[in-house]
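>
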Amino acid sequence: FFDHQPGQGLAFLVACGCVRDYPVDMSGFLRRNRVSLTQIGSFLGEDYSLSQILRLEFINSIKFLGTGVVSSLIKAFVNLKIPADLQKIDRLVQGVARIWWRQHEKDSKWSDQAAVNMVASGAGAESGDSREVQGLQLKQYLGSAEALYQLMFSVIMLHRNLYTNSQPTSRMTLMDWIEINRGLDGDNDIPDHIQTSVFQQVSTEFVQQLQIQRQPGPPAEPEKSPRLVGPF
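Put into structure tokens, the structure is as follows:
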């Protein structure tokens, strides 16, 4: 039922007593049961009030501590498919960024001073290290959750450009991508070494979890029966 009409499917399950009408219970149902990952992504990306509530609850059930931009997106979208609708993608990615930011603000395993020391030491920066900057070290380079959200959305679009574009000359280079991202962090630019490590992660190989689903095409017309000629 959910795979065809997600909203009505959840309402039916609540009415039958199969699921309690608490966001944490409905979110848990979506994660535990074999429902369509495509439909989960599409439903949670909607602008309905129920979709908004469940979106944050669902994403908050994923542990993002210590992840970077690409690795956090992979963790999020292994549990649902990225829908074709750009507005739905926007809402989902914004939710991932908000929850990532909130979890790292609450992280008590690292002190703020330790994170500052890591940044000051230049760990992973300007050293040719292509590994993704992660966790509180990444947070120190970003001004807000909004900047992270903008960068994450840009990563999804970059992945689409690199792996769905049949013309090599139309694919973005690192410098193209950095230029497009100018001003993502308010009046500041996201540091080039952060963007470089992300670009290298995405451009090295296709990432299944970052693939945007295709828009369903119109239903095929039924084949016409061949016209029979002759006396029968």
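Sequence positions in the sequence shown follow my numbering and run -11 to 220.
Where a beta carbon is used, it is the ideal one built from N, C-alpha and C, also for glycine.
Counting only runs of 4+ residues fully inside the segment 141 to 182, write out the alpha helix (DSSP H) ranges in chain order.
Segments of the alpha helix (DSSP H) lying fully in the segment 141 to 182: 162 to 168.
> Leaving out five residues before and five after Ala72 in sequence, what residues of the same chain have Cβ atoms less than 7 Å from its Cβ?
Taking the sequence shown and counting its residues from 1, the one referred to as residue 72 is at position 84. The residues are Ile200, Gln201, Arg202, Gln203.
> Hey, quick one: how far does the alpha helix (DSSP H) through Gln27 stretch, first residue to last?
The residue you call residue 27 lines up with position 39 of the sequence shown. Looking at the DSSP string, the run of the alpha helix (DSSP H) that includes Gln27 is 25 to 32.
> If you draw a straight line from the C-alpha of Phe31 to the C-alpha of Gln155, how long is it?
Position 43 of the sequence shown, counting from 1, holds the residue named residue 31. Position 167 of the sequence shown, counting from 1, holds the residue named residue 155. Approximately 33 Å between the Cα atoms of the pair.
> Under the assumption that Arg86 contacts Ala133 (Cβ atoms under 8 Å), give the Cβ distance between them as a whole number of angstroms.
The residue labelled residue 86 in the question sits at position 98 within the sequence shown. The residue labelled residue 133 in the question sits at position 145 within the sequence shown. Right, their Cβ atoms sit about 5 Å apart.
> Out of Arg90, Asp35, Ser185, state which residue places its alpha-carbon closest to the alpha-carbon of Lys51.
One-based indexing of the sequence shown puts residue 51 at position 63. Ranking Arg90, Asp35, Ser185 by Cα distance to Lys51 puts Arg90 first.
> Would you kindly report the start and end of the unbroken alpha helix (DSSP H) that includes Lys63?
Numbered from 1 along the sequence shown, position 75 holds the residue referred to as residue 63. First-last of the alpha helix (DSSP H) with Lys63: 57 to 65.
> Tell me, please, whether the segment 38 to 52 touches the segment 165 to 176 by the rule of three or more beta-carbon pairs shorter than 8 Å.
No: fewer than three Cβ pairs fall under 8 Å.
> Can you give the beta carbon distance from Val143 to Val57, rounded, assuming they're within the 8 Å contact cut?
For the purposes of this step, residue 143 is identified with residue 155 of the sequence shown, where counting begins at 1. For the purposes of this step, residue 57 is identified with residue 69 of the sequence shown, where counting begins at 1. Right, the Cβ-Cβ distance comes to about 6 Å (below 8 Å), so this counts as a contact.
> Considering only DSSP beta bridges, list what Ile70 is partnered with.
Stepping through the sequence shown from its first residue, residue 70 is reached at position 82. Bridge partners of Ile70: Ile200.
> State the DSSP-derived secondary structure class of Ser39, mapped to helix, strand or coil.
As a working mapping, residue 39 is identified with position 51 in the sequence shown. It is helical.
> So, using beta-carbon positions, are Val121 and Ile28 closer together than 8 Å?
The residue given as residue 121 occupies position 133 in the sequence shown. The residue given as residue 28 occupies position 40 in the sequence shown. In this structure, Ile28 does not lie closer than 8 Å to Val121 by Cβ.
> Considering only the beta carbon of each residue, do Ile70 and Ile62 sit closer than 8 Å?
By 1-based counting over the sequence shown, the position of residue 70 is 82. By 1-based counting over the sequence shown, the position of residue 62 is 74. Result no, Cβ atoms of Ile70 and Ile62 do not sit closer than 8 Å.
> Go through its chain and collect everything with a Cβ distance to Asp35's Cβ below 8 Å, but skip five positions before and after it.
For the purposes of this step, residue 35 is taken as residue 47 along the sequence shown, with counting starting at 1. Closer than 8 Å at the Cβ level, and outside the excluded window around Asp35, lie Gln75, Arg79.
> Alpha carbon to alpha carbon, what distance is there between Cys4 and Asn153?
As a working note, residue 153 is residue 165 in the sequence shown. As a working note, residue 4 is residue 16 in the sequence shown. C-alpha separation (whole angstroms): 47 Å.
> Measure the Cβ-Cβ separation of His147 and Val81 and say whether it is below 8 Å.
Against the sequence shown, residue 147 aligns to sequence position 159. Against the sequence shown, residue 81 aligns to sequence position 93. No, the Cβ-Cβ distance between His147 and Val81 is not below 8 Å.
> Quick check on this structure: which residue in Tyr151, Thr157, Ser158 has the alpha carbon closest to the alpha carbon of Thr192?
As a position in the sequence shown, residue 192 is number 204, starting the count at 1. Among Tyr151, Thr157, Ser158, the Cα nearest to that of Thr192 is on Tyr151.
> Secondary structure at Tyr129, three-state DSSP: helix, strand or coil?
Here residue 129 corresponds to residue number 141 of the sequence shown, with the count starting at 1. Tyr129 falls in the coil class under three-state DSSP.
> For a test of the three-state rule: what should DSSP assign to Phe194, helix, strand or coil?
Residue 194 sits at position 206 when you count from the first residue of the sequence shown. Reduced to three states, the DSSP call for Phe194 is coil.
> Between which residues of its own chain and Gly123 is the CB-CB distance below 6 Å, once the five residues before and five after are set aside?
To locate residue 123, count along the sequence shown from 1; it is residue 135. Hits under 6 Å: Gly54.
> Consult DSSP for Asp95 and reduce its assignment to one of helix, strand or coil.
Sequence index remark: in the sequence shown, residue 95 carries index 107 (1-based). Asp95 falls in the coil class under three-state DSSP.
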